[in-house]
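See below for the structure under consideration.
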Amino acid sequence: MSYTGKDLFDEKSLGGIFLKSVLRLSRSLFNTVTTCAVLGLLALHALYFDNKLSSLTGIVRSIADVGLSFGSSILGFLIAGFTIFATLTKPSLFIMMYKNVHPKSKLNYLKHNFFAFIEVFVVYLVFLGGCLLIKIFGGPDAALLQFLKFLACRTNSELHILKEIVIKGTYIIMGTFLYYSIVSLKSFVFNIYHIVITSIVWEMNPPENQ
121 MSYTGKDLFD EKSLGGIFLK SVLRLSRSLF NTVTTCAVLG LLALHALYFD
171 NKLSSLTGIV RSIADVGLSF GSSILGFLIA GFTIFATLTK PSLFIMMYKN
221 VHPKSKLNYL KHNFFAFIEV FVVYLVFLGG CLLIKIFGGP DAALLQFLKF
271 LACRTNSELH ILKEIVIKGT YIIMGTFLYY SIVSLKSFVF NIYHIVITSI
321 VWEMNPPENQ
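So the number in this note's numbering is just where the residue sits in the sequence shown, counting from 1, plus 120.
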């Protein structure tokens with residue numbers, strides 16, 4: 121089989137890499153089950169309990185504050201760790217990974233391992249983006265409130281209903297995203313461990329090329 125490396129350029133954007141990682145890589149059962157549980161609990165809390173919108177608004181803004189400080193710090197740590205891994209690993213090992221196919225994802229091991237890292241990066245980037253948008257547009261007299269007032273006027277809707285939909289929806293989404301970003305970090309650490317162990321094993325017992 122001829123290996124030219126051209127297929128390494130199939131993904132043209134970060135979104136393309138993330139989409140393929142979601143479609144090809146297997147999901148952690150723990151991450152999936154617990155994230156769905158958190159989503160359900162947050163939805164139950166927001167939709168079926170008598171919560172004041174002011175209280176939920178405060179929680180959403182707190183999530184944005186925590187997310188910006190926590191997420192930016194962790195993202196810097198993740199990028200540094202990935203850079204160290206990518207620069208210290210022998211090129212010959214990367215070539216070996218490229219020439220062997222992962223049995224579950226049907227991607228070569230090089231893409232399979234790198235996609236697992238990139239997926240976590242994208243999760244944190246999206247979460248940070250959401251937190252930043254809340255800080256910019258979600259203030260007491262910020263653009264979002266003005267837009268909702270305009271929308272209510274144009275559609276003859278009640279402003280408090282639109283505010284309730286936006287606030288409760290944001291609370292559920294951002295709360296779930298905060299939890300998922302934490303369990304994604306757990307998976308990132310395990311992936312580093314697993315790849316290092318795989319590298320050692322492959323150095324001792326090189327696999328046959330697929």
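We put the CB at the ideal spot given by N, CA and C, even for glycine. Small disclaimer: the values here were computed from a predicted structure and weren't measured.
Have a look at the DSSP bridge pairing and note the partners of residue i.
i, result
"asparagine 107", "One cannot answer for residue 107 here, as it falls past the ends of the chain, which runs 121 to 330."
Note the first and the last residue of the continuous alpha helix (DSSP H) segment covering residue i.
i, result
"aspartate 185", "173-208"
"phenylalanine 297", "279-324"
"asparagine 151", "149-168"
"serine 141", "134-144"
"phenylalanine 129", "No alpha helix (DSSP H) contains phenylalanine 129, which DSSP labels as neither H nor E."
"threonine 339", "Lying before the first or after the last residue shown, residue 339 is absent from the chain, which here runs from 121 to 330."
Can you list, in chain order, the residues of its chain whose CB lies under 7 Å from that of residue i, leaving out five sequence neighbours each side?
i, result
"tyrosine 229", "Met217, Asn220, His222"
"leucine 279", "Leu268, Lys269, Ala272"
"phenylalanine 214", "Leu230"
"lysine 318", "A small fix is needed here, since residue 318 is threonine in this sequence, not lysine. Once the five neighbours on either side are set aside, threonine 318 has no close Cβ partner at all."
"asparagine 325", "none"
"lysine 132", "none"
"tryptophan 322", "Leu213, Met216"
"lysine 224", "Ser146"
For residue i, which residues of its own chain have a beta-carbon under 8 Å away from its beta-carbon, when the five flanking residues on both sides are left out?
i, result
"valine 303", "Ser148, Phe150, Asn151, Thr154, Thr155"
"isoleucine 292", "Leu159, Leu162, Ala163, Ala166"
"lysine 226", "Arg144"
"threonine 207", "none"
Under the assumption that residue i contacts residue j (Cβ atoms under 8 Å), give the Cβ distance between them as a whole number of angstroms.
i, j, result
"phenylalanine 308", "leucine 198", "6 Å"
"phenylalanine 129", "glycine 187", "Their Cβ separation, rounded to whole angstroms, is 33 Å, which puts phenylalanine 129 and glycine 187 out of contact at 8 Å."
"valine 243", "serine 189", "Actually they do not touch by this definition, with Cβ atoms about 17 Å apart."
"leucine 162", "threonine 296", "6 Å"
"isoleucine 320", "phenylalanine 205", "Not a contact, Cβ separation roughly 13 Å."
"isoleucine 137", "isoleucine 238", "5 Å"
"phenylalanine 202", "serine 141", "Not quite, the Cβ-Cβ distance comes to about 14 Å (not below 8 Å), so this is no contact."
"lysine 283", "leucine 173", "6 Å"
"glycine 249", "methionine 294", "In fact, because the Cβ distance is near 11 Å, the residues do not count as touching under 8 Å."
Could you pull out every residue in the same chain whose Cβ sits closer than 6 Å to the Cβ of residue i, ignoring the five residues on either side in sequence?
i, result
"valine 240", "Ser304, Phe308"
"leucine 134", "none"
"leucine 195", "Tyr244"
"alanine 263", "Phe257"
"asparagine 233", "Ile315"
So does the stretch 254-263 actually touch the stretch 181-188, counting three or more Cβ pairs closer than 8 Å?
The count of Cβ pairs closer than 8 Å, one atom from the stretch 254-263 and one from the stretch 181-188, reaches three, so the stretches are in contact.
Do the stretch 164-174 and the stretch 287-299 meet, that is, are 3 or more Cβ pairs less than 8 Å apart?
yes
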